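First the structure, in the form of structure tokens, and then the observations on it.
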Amino acid sequence: CCTDEDLNTQDDQIRLLLDRMVDGLIVARVGDGAILKRIVDDANVPVVLLDRVCEGVDTDAVVLDNQRAVFDAITYLIDLGHRRIGYISGSFDISPMHDRMTG
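Numbered by this note's numbering, the letters in the sequence shown go through residues 472 to 574 in order.
Structure, rendered in structure tokens:
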């Protein structure tokens with residue numbers, strides 16, 4: 472399901488999948504985790520977060536080392552002789568974006 476980074480759509484899609492009695496959920500969540508926490512707590516199926524962490528939600532997550540990835544990318548460009556390097560990102564409210572910026 473695609474949520475287009477919209478919280479209401481995310482919640483609707485999660486409920487739709489749970490209503491279809493899926494055996495588990497893999498969620499690349501958006502925004503505030505309060506609703507996701509409630510859904511995870513009530514879902515009665517395993518939930519794994521993908522590339523984002525959610526404070527206060529007791530579930531597994533598969534994440535990248537975003538800080539290291541950005542550091543390696545910038546180092547590579549510098550080693551090629553590039554000095555003026557721009558960075559375009561999404562919202563810093565999303566943990567991968569914050570981690571990439573600190574990398």
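All residues carry an ideal CB built from backbone N, CA and C; glycine is no exception. This structure is a prediction, so every number in the text was calculated from the model and none was measured.
Pairwise C-alpha distance: residue j and residue i
i: aspartate 536; j: valine 524; result: 12 angstroms
i: phenylalanine 542; j: glycine 557; result: 13 angstroms
i: leucine 507; j: arginine 554; result: 41 angstroms
i: arginine 500; j: aspartate 483; result: 13 angstroms
i: aspartate 550; j: valine 528; result: 40 angstroms
i: leucine 478; j: alanine 540; result: 27 angstroms
i: arginine 509; j: isoleucine 545; result: 39 angstroms
8 angstroms Cβ cutoff met for residue i and residue j
i: glycine 504; j: glutamate 476; result: no
i: leucine 521; j: valine 533; result: yes
Beta-carbon proximity list for residue i, same chain, < 8 angstroms, skipping 5 on both sides
i: leucine 496; result: Ile485, Leu488, Leu489, Ala514, Val516, Pro517, Val518 and Val519
Own chain, CB closer than 6 angstroms to residue i, minus 5 neighbours either side, in chain order
i: phenylalanine 480; result: Correcting the residue identity first, residue 480 is threonine in this sequence and not phenylalanine. Hits under 6 angstroms: Thr474.
i: glycine 552; result: none
i: cysteine 472; result: Gln484
Contact set for residue i: own chain, Cβ-Cβ below 7 angstroms, skip 5 residues either direction
i: threonine 530; result: Val511, Val518, Val519 and Leu520
i: leucine 548; result: Ile556
i: aspartate 494; result: Val516
Quiz item: In the stretch 485 to 530, which residue ranges form an unbroken beta strand (DSSP E) of at least 3 residues, counting only runs that do not cross its ends?
Solution: For the stretch 485 to 530, whole beta strand (DSSP E) runs of length 3 or above, ordered along the chain, are 496 to 498 and 518 to 521.
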